[in-house]
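For the protein sequence lines, the chains are A and V, in the order given.
Residue numbers for the first sequence follow the working numbering, so the first one is 455 and each next one is one higher.
Residue numbers for the second sequence follow the working numbering, so the first one is 6 and each next one is one higher.
Idealized CB from N, CA, C, for every residue including glycine.
These numbers come from a predicted model, not from an experiment.
Please read the structure below before turning to the comments.
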Amino acid sequence: MKEQLHKYLCPYCSTKFEAFEDLKDHALAAHTGEPTPLPEGMIRLTLNGDEYQIQVQPEWTLNYLIHDKLGLTSPKMFCDRGACGSCTVIMNGRPILSCMTLAIECDGNTIETAEGIADSGHPLVETYVKHHCMQCGYCTPGFITTAKALLDKNPNPNEEEIREALGGNLCRCGTYPQHPKAIMEAAELLGESEGGK
Amino acid sequence: MSVQEEYDRMIEMEDNIEFDKYTLKDFDQIGKKDVRRLDGTEKASGRAEYTMDVQLPGMLYLKFMTSPYPHAEIKSMDTSRAETLPGVRGILRYDDPDLPEVADLGGHGPTAMAPLPKVAHFEGEPVGLAVAADTEDIADEALRLVKVEWEERPFLLDVEEALKSDAPLAHPEDFPENNLEVEHLEAHGDMEKGFEEADRVLEFKATRRLHTYVSPERPCGVVRWNGDYPEFWLKHQRPHENKRAISSWFEHIPMNQIEMHMLYQGATFGGWTQFYWNQGPMYCASVLAKRTGHSVKYIFDRRGDFYGGSMDEGNYYFKVGFNNDGRILAVEAKGHFSNPQWEGFGPGNHFEDNTRIPNLHAPRKVIKVNKGPNTAVRCEQLPNTMSFTLVMDRVAAELGMDPIDVAIINDGAKGHDMDWLNERKVEAGFTPRDSLKECLEKGKTAIDWDNKWHPPGANKLSNGKMHGVTFSWTHEWDDSCGSGEIAMRVERNDGTVSILGMRCDNGVNAETGYCQIAADELGMRLEDIFYRPHTDTGFFPMCPDSSTNTGVNGWAVRHCARLLKAKILEAATSPRAVTQRGIYPPHFPDIKPEDLDIKDSVIFVKTDPAQKLSVAELVGPSAEAGPLSFHELYGAERHPFSAPLFAHAYQAQIGCYKGFRPKFCRQVHFMEVEVDTETGEIEVSNVVNVNDVGKVINPDSCAGQQYGGTYMGAGRALFEEVVHDPVTGVMLNGNLLDYKIATIEDCGPIDTHLVETQQGYGPYGATGIGEDIATVIPAMLAPAVYNAIGVWIYEFPITPDRVLKALGKI
């Protein structure tokens, strides 16, 4: 190990060099014009449409990164182990549990949270308010992201499909019966706006 | 009404035990559907902030050591390695000189509890040590580096074992004689005579296994010292209680120097008496925050939230005497309850509250065992609803009678019939209505009872499952006790009204309801009223504690709005100001306040509505554009104005703690199930809720408590059970993978209906709903399953293995 520490590693292609000058010559010859490589632990994310470049620790979960480090409060920690859906975010179009995903594995991914869905003017937020889909509200953002991912995939879900999609989201206040109503109404509004185009 | 007259009325309505004498004639916002909830957008967009979300610069994380044994004492502790771990900023041991032996840590009244005890009475109890570190991980690692010498003690998990004469002591410090904390009795009549006269007598036993809150936001809190002044972020139900308790710490902190924040609450459903929900953790956090100069956040993990459960855990022994016509003559209901706080509750109160049953004997034993403390978990009435539903439905089943007929024949109160109850209604100023019948009319139609009810085991469905249907009922309740303080002020510039009062905003949408009351009372537009209860304004409504929202706060809001309206109208007819420059004449000269009214936020003369002035114009602009400025420059006032407009009101009442207070509103529920006799699986396929809430303030909020409570109740009955290992006393399923709560797929359609007989003690005849449904629904699963398969299962939750066992299949 000690020996390796003295070697010079090309940050572009990991080739090892004994002398710094050799590495410099190699980098100029082989990699001029290439974008600067990311240091280890640096990831790039598109979060709610914004580009982020951030240094992460290997043990950080995506939830920790988004909630604790980037300060977005919507991915909520409820069950603490992938059993409740409250920390759901949409990654590359799929709803995933941010508490069960390592941030370091998310390099290059596109992520949406409830904040982003709200800011984009998605009708789900308004139909959720209208139908009282929240009581204490702690689990609500996880439902919003799950529902948005469902509508992205299936623009006209029926009640059974919605119940199946939301089967992994726990709500202790029991707001469940309101969600299909809100999601179907949002689907209708989306359909109308699509039709309008 | 003058301000003085309104104030006199407020005092008159205090400790209310009568119908609302001064109700409104017309309702506009009160009772309206589709009123936009105040917290909606924040919560749907994920921007609602909870205590768990709070992060402050340099904030430390506090974790507690928990006992690996169900009953053990710390003999010695070596924390030296933890102390030197990089990132550890503070360590608090049970023997720390800054820790008092006992402190007021909250509860119903001032308490004397150890902030960090050295004896554990249940596995998982936070004891002995708290560590504050830069991260949660470092705090956890520090706890692992601590060496503890424990003295293990014998332990008990079962109430019947604990009652044996040779049983070890579960809590020798507090109960050195035996494990029976206390025995209570609810009784009237002559039991012997009742059983003798009865055509039939039956006995049976039921068991409710431990279940718990599962509060989505885990127990947590944050403290920061700003010099000598502490600042707190609370996850709790009772900010006023916290402030009182905190004030007694560190010898004394003046109340006016304590700053508190109570953000959105990720639900609690009761609690506040065990360590996780009392202020022991906050006390420890406060000591370490003071010592380290950092803000400190304490957090319990998910497992921590599982210690401490619902106070209906235990065994129920019933003996019932009844006649062949369904009339019940005697009920003996004995409860052996495990660790309930404040001496437990039930199991006989609902027979007193709802029936003419002449003889009742309902003792409860409060028994200490080595599990977490049990308390009111939506809610303390669970032992009562359990007894009531099981007895009423069992009698009907024994006689082959429609349970609805058994309900009607026994409806009454305190051993008396409905005539007696109607006399009480008249005495208290109510117009008697038959609440049970009105609820039944709606409910029977909604469920199609006459076609669906059938003898047990008589309806096999085409999917091969057995269909069952059942009905239960009881009174509608809230405790409506305590004191609610509310203030309102009119904002300058736009004349909008802010309601002031710090309370726990746990999502029942009461805040919107209070705005609806204020809007109708003031004559203002709903959008001109706002209430955000997260800040300590010096006023503390009930929040919701002691089972009260509208029952107390609704009154306080109503009084306050009426006082404010009287002040507005007085201001509109009085000189605006008397200054050294002279007197500024009234907006409405030569008109009396009683000749004015307000509608849509505009003040007008009743006989000549064209003479009008908006509330915004009345109060005028603020600051440099405000009341008297530029007078000298312009030679005249530039804007109309009034004195600042503010009102404060309160409601204080003893409510249900007054002793017996007859309840006149009823609720009925219907449940259908499908039982798979091969797998033992039960599906709750349809539910109908009918609640007579007296007067509806916000129908959508009421419905939310109905379907929400139904889901919670169904989950409790079907799955919810905290399991302890009998050998080690260790909790085995303190997480949401192994402890199941209802998901969206665990209940069929829920049809909700409201009845308004205006027979509640709240404003306009309202009574509560929030606790009721989640509390009534669970016990209904037993009669529903009986109706499906013809076998009684009295062990809750009724899991598939218990169904198969009852069917003799395993």
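How would you label residue i, buried or exposed, when you count the other beta carbons within 10 angstroms and need 16 or more for buried?
i	result
V/E47	buried
V/N456	exposed
A/M496	exposed
V/F665	exposed
V/M397	buried
A/P512	exposed
V/D142	exposed
A/Q507	exposed
V/G434	exposed
V/M260	exposed
V/T71	buried
A/S647	exposed
V/K248	buried
V/K152	exposed
Taking only beta-carbon atoms, is residue i less than 8 angstroms away from chain A?
i	result
V/N740	yes
V/T46	yes
V/Y55	yes
V/Q270	yes
V/R52	yes
V/N554	no
V/R307	yes
V/A747	yes
V/Q60	yes
V/E246	no
Quick one: does residue i have its CB under 8 angstroms from some CB of chain V?
i	result
A/L556	no
A/H576	no
A/E615	no
A/C627	yes
A/D534	yes
A/T486	no
A/E494	no
A/L644	no
A/T567	yes
A/L605	no
A/A572	yes
What residues match up with residue i in a beta bridge as DSSP calls it?
i	result
V/V136	V/K68, V/I96
V/H421	V/A418
V/Y74	In DSSP, V/Y74 forms no bridge with anything.
V/D372	Checking the displayed sequence, the identity of residue 372 of chain V turns out to be Ile instead of Asp. Answer is V/L185, V/S343, bridged to V/I372.
V/E236	V/R229, V/E264
V/N364	V/A335
Considering only heavy atoms of the ligand ADP, does any lie closer than 7 angstroms to the CB of residue i?
i	result
V/V607	Questions concerning the ligand ADP fall outside what the structure shown contains, since it holds no ligand whatsoever.
Exercise. When you check each C-beta in the region 498-521 of chain A against every C-beta of chain V, which residues fall closer than 9 angstroms?
Worked result: E513, H521
For this session: Using a Cβ-Cβ cut-off of less than 8 angstroms, list which residues of the region 581-603 of chain A approach chain V; keep chain order.
Result: Y582, V583, K584, H586, C587, M588, Q589, C590, G591, Y592, C593, T594, P595, I598
Exercise. Is there contact between the region 764-772 of chain V and the region 549-559 of chain V, where contact requires at least three CB pairs shorter than 8 angstroms?
Worked result: yes
Exercise. Below 8 angstroms, can you find three or more Cβ-Cβ pairs linking the region 775-786 of chain V to the region 710-722 of chain V?
Worked result: yes
Exercise. Per the contact definition of three or more C-beta pairs closer than 8 angstroms, is the region 523-530 of chain V in contact with the region 494-507 of chain V?
Worked result: yes
Exercise. Is it true that the region 547-556 of chain A meets the region 323-341 of chain V, where meeting means three or more beta-carbon pairs spaced less than 8 angstroms apart?
Worked result: no
Problem set entry | Near-chain A residues of the region 217-228 of chain V (beta-carbon distance less than 9 angstroms), N- to C-terminal order | Y218, V219, S220, P221, E222, R223
For this session: Please determine if the region 561-570 of chain A and the region 594-604 of chain A are in contact, where contact requires at least 3 C-beta pairs separated by less than 8 angstroms.
Result: With the cut-off at 8 angstroms, the region 561-570 of chain A and the region 594-604 of chain A touch.
For this session: Using a Cβ-Cβ cut-off of less than 8 angstroms, give me the residues of the region 538-549 of chain A that come near chain V, in sequence order.
Result: Residues of the region 538-549 of chain A with a Cβ closer than 8 angstroms to any Cβ of chain V, in chain order: C538, S540.
Exercise. When you check each C-beta in the region 752-784 of chain V against every C-beta of chain A, which residues fall closer than 7 angstroms?
Worked result: I755
Exercise. Given a limit of 8 angstroms on CB to CB distance, which residues of the region 494-521 of chain V reach chain A?
Worked result: N511, G512, V513, N514
Problem set entry | Members of the region 19-48 of chain V near chain A, C-beta cut-off 8 angstroms | D39, R41, R42, D44, G45, T46, E47, K48
Problem set entry | Short-range partners of chain A found in the region 695-717 of chain V, where Cβ spacing is below 9 angstroms | D705, S706, A708, G709, Q710, Y712, G713, G714, T715, Y716, M717
For this session: Indicate whether the contact test is met: 3 or more Cβ pairs, each with one atom in the region 170-186 of chain V and one in the region 97-107 of chain V, closer than 8 angstroms.
Result: no
Problem set entry | Stretch-stretch touch, CB-based, cutoff 8 angstroms, three pairs: the region 73-90 of chain V with the region 733-750 of chain V | Yes: the two stretches touch, three or more of their Cβ pairs being nearer than 8 angstroms.
Exercise. Three or more beta-carbon pairs under 8 angstroms between the region 599-606 of chain V and the region 664-683 of chain V, yes or no?
Worked result: no
Exercise. Does the pairing of the region 43-62 of chain V with the region 511-527 of chain A give three or more beta-carbon distances under 8 angstroms?
Worked result: Counting C-beta pairs closer than 8 angstroms gives three or more between the region 43-62 of chain V and the region 511-527 of chain A, which meets the contact rule.
Exercise. Contact between the region 706-715 of chain V and the region 261-269 of chain V: three or more CB pairs below 8 angstroms?
Worked result: no
Exercise. Can at least three beta-carbon pairs, one atom from the region 625-641 of chain A and one from the region 28-48 of chain V, be found at a separation below 8 angstroms?
Worked result: no
For this session: Could you list the residues in the region 611-628 of chain V with a C-beta less than 9 angstroms from some C-beta on chain A, going in chain order?
Result: none
Exercise. Of all the residues that make up the region 676-695 of chain V, which are near chain A by a beta-carbon distance shorter than 7 angstroms?
Worked result: none
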